[in-house]
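Trainee: Residue numbers (my numbering), protein chains in the order written: chain A, 26 to 478; chain B, 26 to 478; chain C, 26 to 478. C-beta: ideal position from N, C-alpha, C; glycine also. Every value quoted in this text rests on a predicted model; they were computed, and no experiment measured them. I'd like to ask some things about the structure below.
See the structure below:
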């Protein structure tokens with residue numbers, strides 16, 4: 026508001042900088058070609074900045090969506106704990122990604138990792154050459170990439186819900202935001218080896234979603250299942266406590282995804298419309314196919330499967346959204362919705378890995394499907410559009426490489442935390458609920474709530 | 026992110042297309058008048074695209090608002106079912122409106138219905154001439170119109186809550202999105218007979234809100250009231266189970282309405298500010314007048330009436346928001362707030378139609394009031410501003426025509442569904458709750474909840 | 026939609042206005058320098074308008090955030106009442122700020138108060154000279170400032186929750202929106218004496234947040250504590266009933282703050298990115314330092330303290346966000362997070378003032394800290410950056426002056442309301458809950474809820 030002072034100095038600066046070319050204009054208010062060209066540039070930067078900032082803000086809001094989905098799909102006794110995890114990983118990530126993560130991801134370095142640009146300090150134009158295709162300022166690039174990093178970190182918490190020690194979660198979220206995620210990001214988006222090979226992942230089906238899911242998978246394996254989840258070799262359902270909030274969370278995620286995918290242009294260009302449309306129709310298709318698949322299998326229109334179907338479609342379309350047509354997007358979503366139902370069942374009943382919200386199925390399996398689907402449906406280079414199998418092969422290599430990196434770093438990280446700090450709460454804590462033991466309160470004070478365990 | 030490849034091809038294309046006029050500029054980077062004019066056009070399209078896309082995204086988020094309002098105002102035993110209905114109608118609508126609805130609504134055809142442009146395929150510039158006044162791309166036009174279509178579909182679910190068979194709801198939402206709504210839209214917005222007569226409905230008090238309400242009215246009549254709603258000729262209150270979530274839903278709707286009304290310019294122009302202000306003040310006035318009316322009648326500052334007052338003001342100002350001044354908007358909202366209270370009471374106690382959330386009063390009665398209010402308050406053509414009664418007459422004709430169309434198609438649709446699939450769940454299902462019977466789960470697992478019925 | 030008619034008249038007007046300079050262009054479609062300059066201006070205004078409107082809409086949505094935070098942190102029996110207070114102050118404010126508040130705040134007048142521009146009527150260019158630095162239209166300026174006014178009003182309700190008479194709350198919110206807040210706003214933002222002295226408060230740590238907090242403090246003192254809050258000189262915790270909704274509220278507030286702070290440029294300029302980054306990192310730092318401080322003190326990672334830490338960081342960075350670097354923003358947030366924990370304890374246990382949500386600590390103490398921090402960290406004029414203590418002194422004067430104004434007007438207002446209408450509900454009403462007594466309903470119908478009091 027008291028912006029006049031600052032405004033005046035900015036104006037002064039502008040006049041000094043552009044003086045050589047608008048000298049005549051400064052003396053004479055009549056417009057000139059050069060002055061117009063300068064003004065167009067300023068206006069273009071303004072709209073690019075507004076678009077990317079608002080898209081990033083939408084993605085930031087997805088943190089609320091994840092918190093509601095994960096808490097709603099879990100028991101009331103752990104609701105506050107889940108909320109705190111979603112909060113703390115965004116807070117830790119905001120700082121760690123500023124200090125080190127952004128530099129490792131986008132700074133100049135080698136094919137494996139960036140080695141410059143920490144604290145957003147660019148020593149030359151080459152420091153952040155990997156992001157030079159976007160016209161917006163460096164700080165905004167950081168902000169937009171930060172909210173993606175935080176999304177990857179948050180996905181893990183879902184797979185590890187209900188039994189993870191809170192202090193260990195903080196350590197984990199620091200390491201993923203500062204190191205594990207940025208390295209994958211560098212490979213594909215930061216000028217690293219996979220991007221150089223030609224791998225395509227427009228907004229991060231693999232970079233963001235699979236990374237979160239595969240790390241969550243290692244966490245869930247190291248932790249083991251919740252007490253009572255598997256008895257006599259049988260999987261028992263542990264129902265969520267607040268389906269309405271979970272549903273609200275899914276709507277918030279869908280809403281935020283219109284920043285996630287179209288915003289990944291990092292420039293205000295007309296193709297954001299196409300990306301929004303493919304994103305939306307894949308989500309819709311994923312919800313419907315998951316719902317009908319579950320209906321066929323279980324005899325009821327299952328709510329959590331339908332909600333996961335929305336997310337399945339969104340995760341799958343994240344990589345191909347800019348490269349495929351509307352019809353292809355519809356198909357990609359339909360397949361994702363079927364996949365997620367069978368993947369949830371397979372992971373739960375066959376693998377017997379306890380992933381309370383289905384994060385591995387949604388973000389891992391459908392993220393993989395989405396990344397591969399580019400090799401099939403891309404209008405340029407896709408198998409079904411006459412492009413041969415080369416792109417599909419590169420996509421598959423990327424998927425496998427990221428999976429391997431997550432397995433190695435995930436198991437190393439979680440076993441290290443287990444050894445030094447302990448990864449899981451005690452039996453008593455788990456039964457009583459993490460809200461009371463870790464945070465000293467109940468999430469629903471005064472409500473009468475019964476839990477079987 | 027890996028956008029460089031695509032970016033380069035777009036750039037190549039641009040250079041080919043604009044080559045004739047920027048040839049000199051291509052050889053010599055010095056700006057030219059023609060080059061500047063081209064760049065201005067590109068920048069203008071960028072800001073138009075960003076604005077309409079973000080406005081559409083805000084409207085999309087209103088789905089979450091409707092879900093929270095409707096679920097919060099109903100009983101806990103049906104919360105998941107209501108959520109699923111709000112989800113499924115948006116999913117079905119996204120696909121059906123792409124395939125057929127958008128073409129019927131905006132495609133070239135006759136005065137009654139569009140007959141071209143299915144799957145967004147335009148055979149010539151004339152195909153979507155009815156939307157040529159908006160500078161944004163075709164896919165964005167579809168997206169923005171889709172979220173309006175889904176709003177109309179969602180309104181119906183509120184009036185039919187607590188007793189409708191889920192599979193029948195899916196059929197219904199397909200028919201409204203694909204056919205019933207697009208036909209009305211064609212009449213008024215798509216080059217049809219009412220628009221050609223001069224009927225004004227800026228953002229859809231009639232097209233969207235009344236349509237949803239009148240169809241919901243037919244549904245509620247065909248269904249009959251919930252068990253226990255009317256005993257011995259007396260109307261019994263069936264209180265909502267989560268007023269806080271209902272309130273959150275209203276705030277989300279208010280938030281989204283800033284996309285709904287200002288976004289209906291479908292272009293980034295300064296008058297979006299005026300539309301936002303009229304929208305906001307009508308909502309505020311509606312809430313206050315509904316609150317004081319209910320206070321006078323019932324002796325308490327009733328929460329659900331106040332929340333419905335917000336929506337009443339918003340629905341009423343939707344048609345006139347761009348055509349009236351701030352003072353008129355305030356008056357329109359004040360009247361809507363009074364109207365909605367009496368309409369709720371009249372429909373419930375006199376007509377004895379069971380509309381669990383007051384959808385008919387909010388969207389039907391206040392939508393009608395808002396549409397007529399243009400004839401009174403429009404600064405150009407309004408009765409109170411010296412324009413005579415002609416516009417008012419046209420508005421009234423539009424209101425009556427849409428009501429008639431909804432009565433005919435609504436009763437036909439719901440009776441047909443009743444005959445072929447059944448429209449209402451069994452007595453046992455209704456008493457036990459639709460969550461368990463239709464979806465196999467409880468929305469609030471572990472919570473102790475008592476329901477009298 | 027039926028926008029063509031209006032569109033045509035706007036176009037006609039434009040042609041008449043710009044005819045002198047684009048006469049040649051009108052006859053001949055070839056672009057001209059003057060025509061380009063005009064089109065650039067139009068495009069620039071479009072992007073400024075879109076940015077400021079969307080930022081204002083984000084701030085408007087913060088009302089939902091406050092409602093969820095305040096209701097979640099209080100008991101279930103008062104949830105609907107808190108919702109209604111958050112709703113009514115926005116509604117009353119929307120109208121009162123249009124009629125009188127905006128004129129008192131920004132209209133031409135003297136150093137103490139504006140005395141013109143009521144109903145947004147500008148008699149000359151000088152009427153709203155205090156806002157002439159922003160390029161957007163007057164109605165948008167009103168809308169953007171309105172949502173700030175409503176934020177100040179809403180903060181008060183948190184401090185007075187659980188025992189305030191609803192009708193008295195309406196009177197209070199009218200007076201603050203119409204008079205008390207606009208006067209402070211005039212001093213600092215509207216051309217008044219503090220702004221002229223050089224006081225800086227970019228987005229309102231003092232203007233908005235401290236004002237709300239200090240008025241809430243007077244209200245809480247005049248009301249006295251809730252029944253059972255202090256027994257035998259000991260403070261008893263009265264836990265919130267829905268931590269998940271409180272957490273959702275904090276995420277909504279964080280989301281909305283990206284409109285609050287960056288939007289306060291009231292123009293689409295690249296520095297909005299910097300402001301978004303300082304805002305975000307201060308929030309993250311505040312959450313972490315509050316969490317670790319509470320952990321150290323109480324032995325647990327306290328959820329409500331962590332959530333208040335987010336808000337503490339956001340409130341503190343609101344004044345300096347545009348004037349400080351990222352590292353300074355981190356420090357400002359870290360300090361705010363520590364401050365808020367000790368301030369909550371001090372106000373509760375030492376001063377024994379019952380502020381159910383910690384509004385005074387969050388918005389008053391951290392708002393003061395943020396305002397003073399400009400004097401320390403501002404890159405131009407800050408003590409730590411070689412600017413001496415002059416700016417710090419001016420900031421301190423501003424803080425003290427606003428505090429004094431709020432004490433005088435706050436006590437006068439609340440004692441007057443107490444005398445004429447009564448400020449507090451009866452003992453029976455308070456024990457039974459304000460939902461039933463003031464609004465005739467329960468917020469969670471059917472749920473079994475026990476409250477000790």
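Taking Cβ positions, are residue 109(B) and residue 277(B) nearer each other than 9 Å?
Mentor: No; because the gap between Cβ atoms is not below 9 Å, this pair is not in contact.
Trainee: Find the residues of chain C that neighbour residue 514(A), judging by a C-beta separation of less than 7 Å, and give them in chain order.
Mentor: The question about residue 514(A) has no answer, for chain A in this structure spans 26 to 478.
Trainee: Which runs of the alpha helix (DSSP H), 4 residues or longer, sit entirely within the region 291 to 357 of chain A?
Mentor: Unbroken alpha helix (DSSP H) runs of no fewer than 4 residues, entirely contained in the region 291 to 357 of chain A, are found at 296 to 323 and 328 to 343, following chain order.
Trainee: Enumerated in chain order, which unbroken segments of the alpha helix (DSSP H) with a length of 4 residues or greater are wholly contained in the region 422 to 459 of chain A?
Mentor: 452 to 457
Trainee: Could you tell me which chain A residues have their CB closer than 9 Å to the CB of residue 327(C), listed as they occur along the chain?
Mentor: 464, 465 and 466
Trainee: Does the beta carbon of residue 119(B) come closer than 9 Å to any beta carbon on chain A?
Mentor: Contact with chain A is found for residue 119(B), since one of that chain's Cβ atoms lies less than 9 Å from the residue's Cβ.
Trainee: With which residues is residue 474(B) paired in a DSSP beta bridge?
Mentor: 472(C)
Trainee: Indicate whether residue 250(C) and residue 138(C) have their beta-carbon atoms separated by less than 9 Å.
Mentor: no
Trainee: Output the distance between the C-alpha atoms of residue 218(C) and residue 155(C), rounded to the nearest integer angstrom.
Mentor: 12 Å
Trainee: Could you spell out where the alpha helix (DSSP H) holding residue 73(B) opens and where it closes?
Mentor: 58 to 97
Trainee: Residue 391(B) to residue 303(B), Cα distance in whole Å?
Mentor: Rounded to whole angstroms, residue 391(B) to residue 303(B) spans 16 Å at the Cα level.
Trainee: On the premise that residue 399(C) lies in contact with residue 348(C), defined as a C-beta separation below 8 Å, what is that separation, rounded to the nearest angstrom?
Mentor: That pair is a contact at about 6 Å.
Trainee: Just to confirm, are residue 229(B) and residue 285(B) a CB contact at a threshold of 9 Å?
Mentor: yes
Trainee: Find the nearest neighbour of residue 129(A) within the set 194(A), 200(A), 429(A) and 90(A), judged by alpha-carbon distance.
Mentor: 200(A)
Trainee: For residue 267(C), which residues in chain A fall below 8 Å Cβ to Cβ?
Mentor: Taking a Cβ-Cβ cut-off of 8 Å, the neighbours of residue 267(C) in chain A comprise 468 and 469, given in sequence order.
Trainee: Output yes or no for whether 9 Å exceeds the beta carbon distance between residue 370(A) and residue 358(A).
Mentor: no
Trainee: In whole angstroms, give me the CA-to-CA distance for residue 149(B) and residue 402(A).
Mentor: 27 Å
Trainee: Between residue 446(B) and chain C, is the shortest Cβ-Cβ distance under 9 Å, so that the two count as touching?
Mentor: no
Trainee: What number of angstroms, rounded off, separates the C-alpha of residue 62(B) from the C-alpha of residue 80(B)?
Mentor: 27 Å
Trainee: Could you name the residues of the region 289 to 309 of chain B whose beta carbon sits closer than 7 Å to any beta carbon of chain C, in the order they occur along the chain?
Mentor: 289, 290, 293, 294, 295, 297, 298, 299, 301, 302, 305, 306 and 309
Trainee: Considering residue 176(A), what are the terminal residues of the alpha helix (DSSP H) in which it resides?
Mentor: Membership of residue 176(A) in the alpha helix (DSSP H) is indicated by the continuous run 163 to 184.
Trainee: Under the DSSP definition of a beta bridge, which residues are partnered with residue 260(B)?
Mentor: 255(B)
Trainee: Under the DSSP definition of a beta bridge, which residues are partnered with residue 152(A)?
Mentor: DSSP output for residue 152(A) lists no bridge partner at all.
Trainee: Rounded to whole angstroms, what's the CA-CA distance from residue 368(B) to residue 393(B)? Just pull it up for me.
Mentor: 12 Å
Trainee: Rank 327(B), 430(B) and 464(B) by C-alpha distance to the C-alpha of residue 205(B) and give the top, closest one.
Mentor: When each option's Cα is compared against that of residue 205(B), the closest is 430(B).
Trainee: Show which residues of chain A have a CB atom less than 8 Å away from the CB atom of residue 358(B).
Mentor: By Cβ distance, chain A contributes nothing, its closest Cβ being about 27 Å from residue 358(B), past 8 Å.
Trainee: With which residues is residue 189(B) paired in a DSSP beta bridge?
Mentor: 449(B)
Trainee: If contact is defined by three or more beta carbon pairs under 8 Å, each pair taking one atom from either stretch, is the region 316 to 325 of chain A in contact with the region 263 to 270 of chain A?
Mentor: No, the region 263 to 270 of chain A is not in contact with the region 316 to 325 of chain A.
Trainee: Would you say residue 101(B) reaches chain C, if we count a Cβ-Cβ gap shorter than 9 Å as a contact?
Mentor: yes
Trainee: Taking 8 Å as the cut-off, does the region 306 to 319 of chain A touch the region 235 to 247 of chain A (at least 3 CB pairs, one atom from each stretch)?
Mentor: no
Trainee: Looking at the C-beta of residue 104(C), does it have a partner C-beta in chain B at a distance below 9 Å?
Mentor: yes
Trainee: For residue 351(C) and chain A, any beta-carbon pair shorter than 9 Å?
Mentor: At a cut-off of 9 Å between C-beta atoms, residue 351(C) counts as an interface residue with respect to chain A.
Trainee: Output needed for residue 408(B): all residues of its chain with C-beta closer than 7 Å, excluding positions within five of it in sequence on either side, in chain order.
Mentor: 400, 401, 414 and 417
Trainee: Which residues in chain B sit within 7 Å of residue 132(A), going by Cβ to Cβ distance?
Mentor: Here the premise fails: no neighbours, minimum Cβ distance about 16 Å.
Trainee: So what's residue 139(A) in DSSP terms, helix, strand or just coil?
Mentor: Secondary structure of residue 139(A) (DSSP, three-state): strand.
Trainee: What is the DSSP secondary structure of residue 216(A), reduced to helix, strand or coil?
Mentor: coil
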